[in-house]
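There are 2 protein chains.
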Amino acid sequence: MLGKDYEGQDCSLARALETIGERWTLLIVRDAFYGVRRFSDFQAHLDVPKAVLSDRLGGLVDDGVLERRPDPDRGGRHVYELTAAGRDLWPVVYAMLTWGARHRSPSGRVFRHAACGTALDARGACGACGTTPPAADVVMSLRRGARTLRDDPVAVALRAPHRLLEPVATRPPA
Amino acid sequence: MLGKDYEGQDCSLARALETIGERWTLLIVRDAFYGVRRFSDFQAHLDVPKAVLSDRLGGLVDDGVLERRPDPDRGGRHVYELTAAGRDLWPVVYAMLTWGARHRSPSGRVFRHAACGTALDARGACGACGTTPPAADVVMSLRRGARTLRDDPVAVALRAPHRLLEPVATRPPA
DNA sequence: CCTTGCTAGTTCAATGATCGAACCGTAGCC
DNA sequence: GGCTACGGTTCGATCATTGAACTAGCAAGG
C-alpha cells in the first residue's frame, strides 16, 4: 500500500493498524498463536511469497510483536515467537475470528477453556468459570466433519486439538 | 494489494480480513461508530483519496457492513450507516483501540458506559455493572489535555463527549 | 574434502493497488 | 441562467505484491 502508515490520524487504532494492518500480517500473528514458529512453516501454511513473509516477520520483530531467536534444535535457523505485546493481540484475533464465523462463513474450529473444557463465548470468556482466559489457556480443536482444504504440515498438525502458543510439531520426531 | 483475498485459508479470520482487512477500511468503520455518515465527512476526517473511499464504501455496502440510504435532510445525497453486522464489529474495533493505546501510543480518548459513566476495561466491559455494553451504550470523550492535531469538522465535533453511533453534527444547524 | 539437500532468505521483472489532482453530473439557491 | 456544494469518476505516476529464480549457511553422507 502506498504509504503504509496513517500519520494524520491521532488515534490508537491507526497506530495499531500501522503494525498489524498490512496484508498477511494478522494471519501471521494468528499462526503464531497456533504455535507456528519457523519461516518455512509460515510459508507453507499461508502460501505467502517469501519476500513478503520476510518483510512482515521483520516488521513484527521491529515492532516488538514477535521475537526472533536461534532455533534450539537446529532444524531451521531461527524461530519466531510472540512477545508479551504480541500475546496481547489475542482479543483482536479472537474478535475477528468470531465476527468472521458469525457473518462470513461458519468456523470449523472451536476454542475451549483448557481448565474446564467449556467453549468460549463471543467475547472470549468462559461461561463456566466466569473468567476470560489468556491465549495460553485456550485449546483449539476442529469440529467434527469440518472440511479440511489444506494439507500442508501445519494444517495437518492442527487437526488434532492443540493448546495455543504451544509449538506445533510439523516434523517427524527424530 | 495483489489479490485482496485469502482464498487458500480455510479460516474465519481470513474471511473477516477479506471484508475489513484492506487499507483504510477499519478506519472507515471506526468513523462510522463515531457517527460519521457522509462521504465528504469521511474524506475530510481520513484524508483518504476519494477514489479509494468510494471503493471501500462500496465494498462495505456490498458486504453488508454499511447501508447506503438517501440523506433525509438533503445536505448530501446519501448517508452510510452501520448495519447490525457492522455494529458487531465493535469488539474488533475496541480491541484494536485498546492494544494500540497500550503498546503504541496512549490514547487521548476514553470510552465510558453511558448508563453509569464508568470507563470500560480492556475487554470492553463495565466493571461497575458487570456488563459488556454494545457500542450504542458507549460514550466517547477526550481526556483533558489531549493533543488535537486535526481540525476538520469531524475532529472538531468529536471534541465534545459523544455517544457512539449517534450522527455527528458537522454542519452548522440551519 | 566434496557433494547433496535443507532452511532461510534476497533479487528481479511483471502486475496490481494506491495516490493526488483534475474532471464530471446533479441538486439547490440566487 | 449562473453559481456553488456535494458526491463521486477518471487518469497518469508511484508504490506494493507476486512468483520464480537465485544465493547463502549449515549438516550429513560418502
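Just so you know, the protein sequences line up as chains U and R, in that order. Counting from 1, one number per residue, gives the positions in the first sequence under my numbering. Counting from 175, one number per residue, gives the positions in the second sequence under my numbering. In this text, a Cβ means the ideal position worked out from N, Cα and C, and glycines have one as well. Computed from a predicted structure; not experimentally measured.
Chain-ordered chain U contacts of residue i [CB-CB under 8 Å]
i, result
"R/D215", "What R/D215 touches in chain U: nothing, since even the nearest Cβ is about 15 Å away."
"R/V266", "V92, A95, M96 and W99"
"R/D236", "Chain U residues near R/D236: none, gap ~13 Å exceeds 8 Å."
"R/D351", "Residue coverage of chain R in this structure runs from 175 to 348, which leaves residue 351 of chain R outside it and unanswerable."
Simplified DSSP assignment, three categories, for residue i
i, result
"U/Y115", "The residue asked about is misnamed: residue 115 of chain U is Ala in this sequence, not Tyr. Of the three classes helix, strand and coil, the one that applies to U/A115 here is coil, per DSSP."
"U/P70", "strand"
"U/L142", "strand"
"U/Y80", "strand"
"R/T305", "strand"
"U/V52", "helix"
"R/R283", "strand"
"R/L294", "strand"
"U/A174", "Because the pLDDT at U/A174 is just 44, under 50, the model does not fix this residue reliably, and the point stays unresolved."
"R/R337", "strand"
"R/L191", "helix"
Residues that residue i contacts on chain R, provided the C-beta gap is smaller than 8 Å
i, result
"U/T132", "R297"
"U/D5", "What U/D5 touches in chain R: nothing, since even the nearest Cβ is about 10 Å away."
"U/G108", "D184"
"U/T118", "Within 8 Å Cβ-Cβ: nothing; U/T118 doesn't reach chain R, min ~17 Å."
Cβ-Cβ separation, residue j to residue i (assumed contact under 8 Å), whole Å
i, j, result
"R/G282", "R/A334", "Rounded, the Cβ-Cβ distance is 14 Å, inconsistent with contact."
"R/T306", "U/R123", "6 Å"
"U/L164", "U/A136", "6 Å"
"U/R30", "U/V79", "The Cβ separation is near 17 Å, so there is no contact."
"R/L187", "U/L27", "7 Å"
"U/R150", "R/D184", "6 Å"
"R/R189", "U/R104", "4 Å"
"R/A269", "U/A125", "The pair is not a contact, with the Cβ atoms about 13 Å apart (cut-off 8 Å)."
Same chain, Cβ closer than 6 Å to residue i, neighbours up to 5 away in sequence not counted
i, result
"R/S315", "V284 and P335"
"U/L60", "L66"
"R/A358", "Look at the range of chain R in this structure, 175 to 348, and you will see that residue 358 of chain R is not part of it."
Cβ shell of residue i (< 7 Å), same chain only, five flanking positions each side left out
i, result
"R/D326", "A218 and H219"
"U/A169", "A157"
"R/R211", "V253, Y254, E255 and P341"
"R/G238", "T257 and A259"
"U/K50", "Q43"
"R/P265", "G298"
"R/V222", "W198"
"U/P106", "none"
Listed by chain order, chain R residues near residue i by CB distance under 7 Å
i, result
"U/A85", "H277"
"U/A14", "L201"
"U/D47", "G182"
"U/L57", "What U/L57 touches in chain R: nothing, since even the nearest Cβ is about 18 Å away."
"U/L53", "Near U/L53 there are no residues of chain R at all, since even the closest Cβ is about 14 Å away, more than 7 Å."
Sequence-distant residues of its chain with Cβ nearer than 8 Å to residue i (five each side left out)
i, result
"U/C129", "H113, A115, C116 and T118"
"R/L227", "W198, I202, F213, F216, Q217 and L220"
"U/L57", "I28, F39, F42, L66, R68 and Y80"
"R/D295", "G301"
"R/P308", "R261 and W264"
"U/A155", "H45 and T148"
"U/Y34", "M140, V154, L158, H162, L164 and V168"
Interface residues of chain R facing residue i [CB-CB closer than 9 Å]
i, result
"U/R150", "G182, Q183 and D184"
"U/T170", "Near U/T170 there are no residues of chain R at all, since even the closest Cβ is about 17 Å away, more than 9 Å."
Where residue i meets chain U, residues with beta-carbon distance less than 7 Å
i, result
"R/R204", "L13"
"R/L256", "Ordered by position in chain U, no residue passes the 7 Å Cβ test against R/L256, which lies about 12 Å from the chain."
"R/L130", "Summary: the structure shown does not reach residue 130 of chain R, with chain R confined to residues 175 through 348, and so no result is reported for it."
Closer than 8 Å is the cut-off here; do at least three beta carbon pairs connect the region 181-195 of chain R with the region 91-110 of chain U? Yes, since at least three Cβ pairs between the region 181-195 of chain R and the region 91-110 of chain U fall closer than 8 Å, the two stretches touch.
Check whether the region 234-244 of chain R and the region 79-92 of chain U touch, using three or more Cβ-Cβ pairs below 8 Å as the test. Taking 8 Å as the limit for Cβ pairs, the verdict is that the region 79-92 of chain U does not touch the region 234-244 of chain R.
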